[in-house]
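One point on numbering: in this note's numbering, the residue at position 13 of the sequence shown is 13, and numbering is uninterrupted. Glycine included, every Cβ here is placed at the ideal spot set by N, Cα and C.
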Amino acid sequence: HDYTPHVYRGTPCPNGSSDNALLLTSGCFDEGTNNYVIMPEFTNDLNDLQISFTTAMSSSLEDGRLTLGYISDVESAGTYVPVVNIPYNYYNDYPRAEHEFTLGDYNLPSGVRLAFRWYSTSSSERCCIDDIRLRITPTCQSVINASISHVTTSGAQISWTSRGSETGWNIEVVPEGGTQGTGTMIS
Numbered sequence: 001h002d003y004t005p006h007v008y009r010g011t012p013c014p015n016g017s018s019d020n021a022l023l024l025t026s027g028c029f030d031e032g033t034n035n036y037v038i039m040p041e042f043t044n045d046l047n048d049l050q051i052s053f054t055t056a057m058s059s060s061l062e063d064g065r066l067t068l069g070y071i072s073d074v075e076s077a078g079t080y081v082p083v084v085n086i087p088y089n090y091y092n093d094y095p096r097a098e099h100e101f102t103l104g105d106y107n108l109p110s111g112v113r114l115a116f117r118w119y120s121t122s123s124s125e126r127c128c129i130d131d132i133r134l135r136i137t138p139t140c141q142s143v144i145n146a147s148i149s150h151v152t153t154s155g156a157q158i159s160w161t162s163r164g165s166e167t168g169w170n171i172e173v174v175p176e177g178g179t180q181g182t183g184t185m186i187s
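Structure representation (structure tokens):
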């Protein structure tokens, strides 16, 4: 059996992925098979780009592994180099996980193409990749893992993880029901 990534419409994708998500599957009998999704060539240097996408995976057993990397020869899977492991997300626990990576953090060589690789050690494992977005890396990076705790009528504790070496941030405080862009800025 030859299982190739393809665009699915409807229920074969794990819960939380929209129609037209990329579906990668290990198939019924081909356990241990690598599946690749190779992105088109881009005119921009990949190191100047940021990629974001969502994933949904079909098992709570973590039998599959999705990586983002690059490939130098689209005719040879042996030229694929993984650069980041995508955390596993079982769709019943996390319907759709969001991922964002600044490609310049990985110093990608020129002349390569971005690619995803799905590898599963179990039969019939599925992974959907959706909402793929590439853009020029913004000069003001957003933070990740933001959380708010200890909320009172007069304050709250905010924590996050920075994406790089930045040491200053702008925070906008907007009253509940207010409109972003009209709040109070705190630096």
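Selection from F53, L24, S147, R126 that minimises the alpha carbon distance to Y91:
Here the question's residue 91 lines up with position 91 in the sequence shown. The shortest Cα separation from Y91 among F53, L24, S147, R126 belongs to R126.
For M57, write down the residues that DSSP places opposite it in a beta bridge.
Walking along the sequence shown from the start, residue 57 turns up at place 57. Looking at the DSSP output, M57 bridges to Y90, C127.
Assigned secondary structure, G69 (DSSP; H/G/I helix, E/B strand, else coil)
Here residue 69 refers to the residue found at position 69 when the sequence shown is read from its first residue. Under the three-state reduction of DSSP output, G69 falls in the strand class.
Taking the DSSP output, what are the residues bridged to T102?
By 1-based counting over the sequence shown, the position of residue 102 is 102. Q50, per the DSSP bridge assignment.
Would you identify the three-state DSSP class for G78, choosing helix, strand or coil?
Looking up residue 78 in the sequence shown gives position 78. The answer is helix: DSSP assigns G78 an H, G or I state.
Limits of the beta strand (DSSP E) - the one that V173 falls within
Mapped onto the sequence shown, residue 173 falls at position 173. V173 -> beta strand (DSSP E) spans 171-173.
Are there three or more Cβ pairs, one per stretch, closer than 8 angstroms when the region 69-80 is compared with the region 145-154?
Output reads no: the region 145-154 does not touch the region 69-80.
In terms of residue numbering, what span does the beta strand (DSSP E) encompassing F194 cover?
Any question about residue 194 goes unanswered here, given that the chain covers just 1 to 187.
With 16 other Cβ atoms within 10 Å as the buried cut-off, status of C140
Residue 140 sits at position 140 when you count from the first residue of the sequence shown. Exposed, by the Cβ-count rule.
Same chain, Cβ closer than 6 angstroms to Y36, five either side skipped, listed in chain order
As a first step, residue 36 must be located in the sequence shown, where it is residue number 36. So the list reads A115, R117, once near-sequence residues are dropped.
Return yes when the Cβ of I132 is within less than 9 angstroms of the Cβ of I38, no when it is not.
One-based indexing of the sequence shown puts residue 38 at position 38. One-based indexing of the sequence shown puts residue 132 at position 132. No, these two residues do not count as a Cβ contact at 9 angstroms.
What residue range is occupied by the uninterrupted beta strand (DSSP E) comprising I149?
In the sequence shown, counting from the first residue as 1, residue 149 sits at position 149. In the sequence under discussion, the amino acid at residue 149 is Ser, which differs from the Ile named in the question. In the DSSP assignment, S149 falls within the unbroken beta strand (DSSP E) covering 144-149.
C-alpha distance - Y106 paired with T54, whole-angstrom precision:
Stepping through the sequence shown from its first residue, residue 106 is reached at position 106. Stepping through the sequence shown from its first residue, residue 54 is reached at position 54. Computed Cα separation, rounded: 20 angstroms.
Just the Cα atoms here: how many angstroms apart are S122 and E176?
What you label residue 122 is simply residue 122 of the sequence shown in a count that begins at 1. What you label residue 176 is simply residue 176 of the sequence shown in a count that begins at 1. So the alpha carbons of these two residues sit roughly 46 angstroms apart.
Assuming I129 and L22 are in contact, meaning their beta carbons sit under 8 angstroms apart, how far apart are those beta carbons, in whole angstroms?
Within the sequence shown, residue 129 is the residue found at index 129, counting from 1. Within the sequence shown, residue 22 is the residue found at index 22, counting from 1. That belief holds up - the Cβ atoms of I129 and L22 are roughly 4 angstroms apart, short of 8 angstroms.
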